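Heads up, the thing below is written out as structure tokens.
Number of protein chains: 2
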Amino acid sequence: MTINVGFIGPGIMGRPMALNLMKGGHKLWAYARRPETLQPLTAAGATACATPAEVAEHADVIFTIVSDTSDVQSVIFGEQGLIRKARYGTVIVDMSTISPTATKDFADRLAEKGIEMLDAPVSGGETGAINATLSIMVGGKTDVFERVKPLFECMGKNIVHIGGNGAGQVAKACNQICTIVNQLGAAEAMLLAERAGVDPRAVAEAVMGGFGASRMLELQAPKMIARDFEGKVESRLHHKDIRIVLDLARAFGIELPASAAAADVLERLQRRGGARQDSAAVFSVLDTA
Amino acid sequence: MTINVGFIGPGIMGRPMALNLMKGGHKLWAYARRPETLQPLTAAGATACATPAEVAEHADVIFTIVSDTSDVQSVIFGEQGLIRKARYGTVIVDMSTISPTATKDFADRLAEKGIEMLDAPVSGGETGAINATLSIMVGGKTDVFERVKPLFECMGKNIVHIGGNGAGQVAKACNQICTIVNQLGAAEAMLLAERAGVDPRAVAEAVMGGFGASRMLELQAPKMIARDFEGKVESRLHHKDIRIVLDLARAFGIELPASAAAADVLERLQRRGGARQDSAAVFSVLDTA
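So the sequence lines, in the order shown, correspond to chains A and B. Last residue of the first sequence: number 291 in my numbering, and the count goes up by one each step with no gaps. Last residue of the second sequence: number 291 in my numbering, and the count goes up by one each step with no gaps.
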């Protein structure tokens with residue numbers, strides 16, 4: 003069944019995701035703050051819209067994947083926001099990584115107008131977006147999740163309905179704890195191996211066969227060893243995410259010491275001018291210490 | 003080819019490892035500080051010895067897997083130690099997790115007597131020991147590694163020759179960084195999910211599909227969620243290991259912030275009386291904070 007789909011935010015992640023929705027046979031209405039970034043989508047048959055409101059005029063399910071909480075807020079509630087034209091029953095699916103608390107608030111405000119919302123942040127990076135193998139963590143009502151599921155299946159593989167509105171963002175925050183902490187652990191292990199005069203490749207291979215194995219070690223150790231920090235997942239995004247985590251921890255009165263340690267290293271990386279470097283560059287913070 | 007094998011330290015790990023060596027067709031001479039712990043090995047055909055020296059009288063390749071650096075030292079160099087009876091060309095393979103620096107020193111002292119040494123610490127826990135799927139990280143000469151390799155293959159799957167003497171222990175230290183740090187990350191993620199009122203099982207499932215995936219999350223999240231901290235890998239061992247890591251870091255003048263955070267949590271767990279609990283009990287330190 004062809005669905006009229008809206009898409010807002012065709013960045014590194016959003017562009018391949020939108021293309022995969024079109025490959026799935028769906029009609030796409032797209033908006034970007036910088037209209038030139040829509041070109042790959044219009045070339046594939048999408049209709050460019052001048053405002054989020056215009057997207058909402060045509061689409062029944064609208065995906066947003068933008069940088070942070072304030073971007074989501076203005077896309078939905080801004081002067082030209084989705085809410086101006088969204089109809090009763092329209093579904094807004096936010097795939098950005100933002101605050102779970104703000105997400106719940108957005109969902110409540112939309113519900114008052116009969117507009118449904120899902121939070122559906124992703125993990126798996128650009129490769130996962132291109133190959134439609136993203137992990138998608140969804141918060142919202144079960145029946146809305148079921149309606150949108152065929153569209154999620156165009157973009158991802160491990161699609162988990164976590165709970166009510168905001169629960170997807172909580173899961174993503176937890177995902178980022180593991181991602182960011184494991185990455186720092188990998189950096190520390192690779193650095194120690196090097197300083198001890200031992201081949202870090204052999205160490206990474208050995209560790210991948212035992213209890214220390216992680217997706218981050220597998221993906222990031224080669225970059226750290228090669229000092230290849232060209233931005234794929236830029237460190238500023240991890241920095242933003244770990245601050246969401248620590249804000250939540252503060253709100254719940256819990257202590258997350260490994261996350262706090264990682265936040266500190268990411269903070270130092272930002273101050274050193276590494277915001278646009280790949281998150282693997284946390285290695286370089288320790289390497290020069 | 004049947005090899006005359008020595009085995010010292012038939013604990014939770016050592017016992018199944020020794021049994022797997024016998025299953026491989028090798029003759030076993032075994033010693034334990036508490037002789038009654040040798041019973042499962044003698045029942046399978048091993049010969050009990052009264053001292054390490056007696057093991058060295060009979061065996062050409064001798065495996066040791068004991069608790070810490072001082073235990074290895076007394077097994078090798080003590081009054082009844084291996085060195086009293088080991089012959090020129092005897093190979094001592096230490097599979098304990100101990101200091102890389104001390105290991106190098108032991109190897110040098112043994113070399114003076116024509117005794118070969120490998121350090122070959124393992125990862126994979128009791129299950130890996132029973133199923134002969136351990137990851138084995140080996141330091142020492144290549145020709146000695148090649149000679150012992152068939153015996154390693156009776157006990158493990160991912161057998162990596164890392165480098166010279168001590169390199170196996172460096173790799174194990176790196177492995178423990180990843181293991182212990184990833185476990186703390188998993189604990190923080192599971193705790194945040196619970197406090198946010200979200201099903202931690204669903205979160206763990208989602209995270210395992212993305213960049214946050216790790217062997218520790220997979221194995222330990224269920225224990226944390228169930229508050230099942232019965233000792234498998236006792237936290238005192240992680241505590242010992244992370245102190246080896248921080249000693250190395252100090253020696254090399256590097257900063258390992260995630261390892262330091264994990265060491266602090268493990269230290270608090272020891273002080274709370276959790277030394278014999280499973281290392282997953284780091285969760286409980288944060289849970290009551």
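All C-beta atoms in this analysis are idealised placements derived from N, C-alpha and C, irrespective of residue type, glycine included. All of these numbers come straight from a predicted model, not from anything done at the bench.
Is the Cβ of residue i closer than 7 Å to any Cβ of chain B?
{"i": "Ala265 (chain A)", "result": "no"}
{"i": "Glu232 (chain A)", "result": "no"}
{"i": "Val183 (chain A)", "result": "yes"}
{"i": "Phe154 (chain A)", "result": "no"}
{"i": "Gly214 (chain A)", "result": "yes"}
{"i": "Val284 (chain A)", "result": "no"}
{"i": "Asn160 (chain A)", "result": "yes"}
{"i": "Cys98 (chain A)", "result": "Reading the sequence as shown, one finds Ser at residue 98 (chain A) and not Cys. Not one chain B Cβ lies under 7 Å of Ser98 (chain A)."}
{"i": "Met139 (chain A)", "result": "yes"}
{"i": "Ala169 (chain A)", "result": "yes"}
{"i": "Gly16 (chain A)", "result": "no"}
{"i": "Arg217 (chain A)", "result": "yes"}
Using the C-alpha atoms, what's the distance from residue j back to residue i?
{"i": "Cys180 (chain A)", "j": "Pro54 (chain B)", "result": "44 Å"}
{"i": "Gly141 (chain B)", "j": "Val124 (chain B)", "result": "12 Å"}
{"i": "Gln75 (chain B)", "j": "Phe108 (chain B)", "result": "8 Å"}
{"i": "Met210 (chain B)", "j": "Glu220 (chain B)", "result": "7 Å"}
{"i": "Tyr90 (chain B)", "j": "Gly130 (chain A)", "result": "56 Å"}
{"i": "Ser137 (chain B)", "j": "Val77 (chain B)", "result": "24 Å"}
{"i": "Val150 (chain A)", "j": "Gly127 (chain A)", "result": "21 Å"}
{"i": "Val205 (chain B)", "j": "Ala263 (chain B)", "result": "24 Å"}
{"i": "Gly80 (chain B)", "j": "Thr71 (chain B)", "result": "13 Å"}
{"i": "Leu120 (chain B)", "j": "Val146 (chain B)", "result": "8 Å"}
{"i": "Ile67 (chain B)", "j": "Thr144 (chain A)", "result": "53 Å"}
{"i": "Ser237 (chain B)", "j": "Val183 (chain B)", "result": "13 Å"}
{"i": "Asp230 (chain B)", "j": "Thr290 (chain B)", "result": "16 Å"}
Please go through the same chain and pick out, in chain order, the residues whose beta-carbon is closer than 6 Å to the beta-carbon of residue i, but skip the five residues on each side of it.
{"i": "Trp31 (chain B)", "result": "Gly8, Thr49, Cys51, Val57, His60, Ala61"}
{"i": "Ala251 (chain B)", "result": "Leu258"}
{"i": "Lys225 (chain B)", "result": "Ala282"}
{"i": "Gly26 (chain B)", "result": "Cys156"}
Under a CB-based cut-off of 7 Å, is residue i close to chain A?
{"i": "Val7 (chain B)", "result": "no"}
{"i": "Arg197 (chain B)", "result": "yes"}
{"i": "Pro259 (chain B)", "result": "yes"}
{"i": "Arg245 (chain B)", "result": "no"}
{"i": "Phe254 (chain B)", "result": "yes"}
{"i": "Ala55 (chain B)", "result": "no"}
{"i": "Asn133 (chain B)", "result": "no"}
{"i": "Leu248 (chain B)", "result": "no"}
{"i": "Gly187 (chain B)", "result": "yes"}
{"i": "Ala191 (chain B)", "result": "yes"}
Looking only at its chain, what residues have a beta carbon closer than 7 Å to the beta carbon of residue i, apart from the 5 residues adjacent to it on each side?
{"i": "Ala265 (chain A)", "result": "Ile244, Arg245, Leu248"}
{"i": "Gln222 (chain B)", "result": "Gln185, Ala188, Ala282"}
{"i": "Val235 (chain B)", "result": "Gly127, Asp280, Ser281"}
{"i": "Thr4 (chain B)", "result": "Gly27, His28, Lys29"}
{"i": "Ile227 (chain A)", "result": "Met192, Pro202, Arg203"}
Per DSSP, residue i is paired with what?
{"i": "Ala50 (chain A)", "result": "A:Ala32"}
{"i": "Glu118 (chain A)", "result": "A:Val93"}
{"i": "Asn6 (chain B)", "result": "B:Lys29"}
{"i": "Thr66 (chain B)", "result": "B:Ile10, B:Asp96"}
{"i": "Gly255 (chain B)", "result": "Gly255 (chain B) is not bridged to any residue."}
{"i": "Ile164 (chain B)", "result": "None, per the DSSP bridge assignment."}
{"i": "Thr148 (chain A)", "result": "A small correction: the amino acid at residue 148 (chain A) is Glu; Thr does not occupy that position in the sequence shown. DSSP output for Glu148 (chain A) lists no bridge partner at all."}
{"i": "Glu236 (chain A)", "result": "A:Asp280"}
{"i": "Gly141 (chain B)", "result": "B:Asp121, B:Gly165"}
{"i": "Gly158 (chain B)", "result": "B:Leu136"}
{"i": "Ser216 (chain B)", "result": "A:Ser216"}
Who are the near neighbours of residue i in its chain, counting only those whose CB is closer than 8 Å to its CB and skipping five residues on each side?
{"i": "Leu23 (chain A)", "result": "Val7, Phe9, Leu30, Phe65, Leu153, Cys156, Met157"}
{"i": "Gly168 (chain A)", "result": "Pro102, Thr103, Thr105, Lys106, Ala109, Asp121, Gly141"}
{"i": "Lys115 (chain A)", "result": "Ile85, Ala88, Tyr90"}
Taking three-plus beta-carbon pairs below 8 Å as touching, is the segment 284-291 of chain A in contact with the segment 14-22 of chain B?
Short answer: they don't touch.
If we count Cβ pairs, one from each stretch, closer than 8 Å, do we get three or more for the segment 144-161 of chain A versus the segment 226-244 of chain A?
Flag = no, the segment 144-161 of chain A and the segment 226-244 of chain A do not touch.
Are at least three pairs of beta-carbons, each pair with one atom in the segment 204-217 of chain A and one in the segment 136-155 of chain A, less than 8 Å apart?
Too few Cβ pairs lie closer than 8 Å, so no.
Could you tell me whether the segment 263-283 of chain A touches the segment 272-279 of chain B, using the rule of 3 or more Cβ pairs below 8 Å?
Between the segment 263-283 of chain A and the segment 272-279 of chain B there are fewer than three C-beta pairs closer than 8 Å, too few to call the two in contact.
Validate contact between the segment 169-177 of chain A and the segment 194-204 of chain A using beta carbons, cut 8 Å, 3 pairs
Touching, no.
Quick one: any contact between the segment 25-45 of chain B and the segment 98-114 of chain B, if contact means 3 or more CB pairs under 8 Å?
Output reads no: the segment 98-114 of chain B does not touch the segment 25-45 of chain B.
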